[in-house]
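**Q**
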Amino acid sequence: MWSNTTQWPGNAVPQAGANVTLNGNWTVILDVDPNPLNNFTIDGTLIADDSRDVTIIANFIHIRAGNFTAGTSSTPFMHKLTFKLNGQKTSNVFTVDPMLSANKLFVVSGSLNLYGNAPSSVSTVLTQNALKGSSTLFVSDSTDWIAGDTLVLSPSFSTYN
């Protein structure tokens with residue numbers, strides 16, 4: 756458990772702004788949200804606890820040799836999972852290799868396993884024109900969509916059949 760102070764150096768969970776490496780021989784369940792971190796490197800196994808929403812905030816997240824898992828194919832993660840990258844233009848630069856560096860990064864060279872409860876309808880078409888400023892969209896299918904879902908609209912330049 757992330758909140759288990761006895762597993763951390765100094766018997767304290769990492770403080771805000773810390774550089775944290777989850778060691779390769781560790782398996783940790785994210786039972787609380789970590790304090791906002793600077794550099795967070797995952798070489799071990801990190802598992803999102805599905806009893807609540809989970810938020811990870813850092814300037815740099817690197818799933819390097821380990822894995823991060825939320826849910827499984829048979830038991831999808833049913834809560835909200837948020838990765839938030841901080842960093843200002845003047846922040847320190849993180850370098851993954853000579854071709855990749857920036858002041859905020861999310862890099863996966865290990866394994867990122869995300870299993871959620873996907874709606875049965877993930878694509879649809881408008882059944883009425885949506886005018887500028889409209890607050891309502893009329894679509895042909897919105898099965899399993901719930902309030903708070905994110906919609907992405909793209910233009911079409913042909914007639915849908």
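Anchor point for the sequence shown: position 79 equals 834 in this note's numbering, and the numbering is continuous, going up by one each time. In this text, a Cβ means the ideal position worked out from N, Cα and C, and glycines have one as well.
1) What separation, rounded to the nearest whole angstrom, lies between the Cα atoms of Pro769 and Ile811?
2) Tell me whether the region 825-838 and the region 868-879 touch, counting them as touching only if at least three CB pairs, one residue from each stretch, are closer than 8 angstroms.
3) Assuming the contact rule is C-beta atoms closer than 8 angstroms, Asp899 and Ser878 should be a hit. Round their C-beta distance to whole Å, please.
4) Of the residues Gly888, Pro789, Ser864, Leu886, which one's Cα is nearest the Cα of Ile802?
5) Consult DSSP for Gly765 and reduce its assignment to one of helix, strand or coil.
6) Please state whether DSSP places Thr760 in a helix, a strand or coil.
7) If you draw a straight line from the alpha carbon of Asn759 to that of Lys859, how long is it in whole angstroms?
8) Around the Cβ of Gly903, are there at least 16 other Cβ atoms within 10 angstroms (buried) or fewer (exposed)?
9) Looking at C-alpha atoms only, which residue of Ser864, Trp781, Val880, Thr905 is the closest neighbour of Val851?
10) Short check: CB of Asn799 to CB of Leu785, under 8 angstroms?
11) My parser needs the alpha helix (DSSP H) runs of 4 or more residues fully inside the region 814-850; what are they?
12) From the DSSP output, in three-state form, read off Ile812 for me.
13) If you check the beta carbons only, do Gly826 and Asp804 fall under 8 angstroms apart?
14) Thinking C-beta only, is Ala820 closer than 8 angstroms to Gly779?
**A** According to the structure data:
1) C-alpha separation (whole angstroms): 13 angstroms.
2) Judged by Cβ distances under 8 angstroms, the region 825-838 makes contact with the region 868-879, as three or more pairs qualify.
3) Between Asp899 and Ser878, the beta carbon gap of about 13 angstroms keeps them out of contact (Cβ cut-off 8 angstroms).
4) For Ile802, the closest alpha carbon among the candidates Gly888, Pro789, Ser864, Leu886 is that of Pro789.
5) In the structure shown, Gly765 sits in a helix (DSSP, three-state: H, G or I).
6) For Thr760, the three-state secondary structure derived from DSSP is helix.
7) So the two alpha carbons sit approximately 28 angstroms from each other.
8) With fewer than 16 Cβ atoms within 10 Å of its Cβ, Gly903 is classed as exposed.
9) For Val851, the nearest C-alpha among the options comes from Ser864.
10) According to the sequence displayed, residue 799 carries Gly and not Asn. The answer is no: Cβ separation not under 8 angstroms.
11) Entirely contained in the region 814-850, not one alpha helix (DSSP H) run reaches 4 residues.
12) DSSP places Ile812 in the strand class (E or B) of the three-state scheme.
13) The Cβ atoms of Gly826 and Asp804 lie no closer than 8 angstroms to each other.
14) Note that the C-beta distance between Gly779 and Ala820 is below 8 angstroms.
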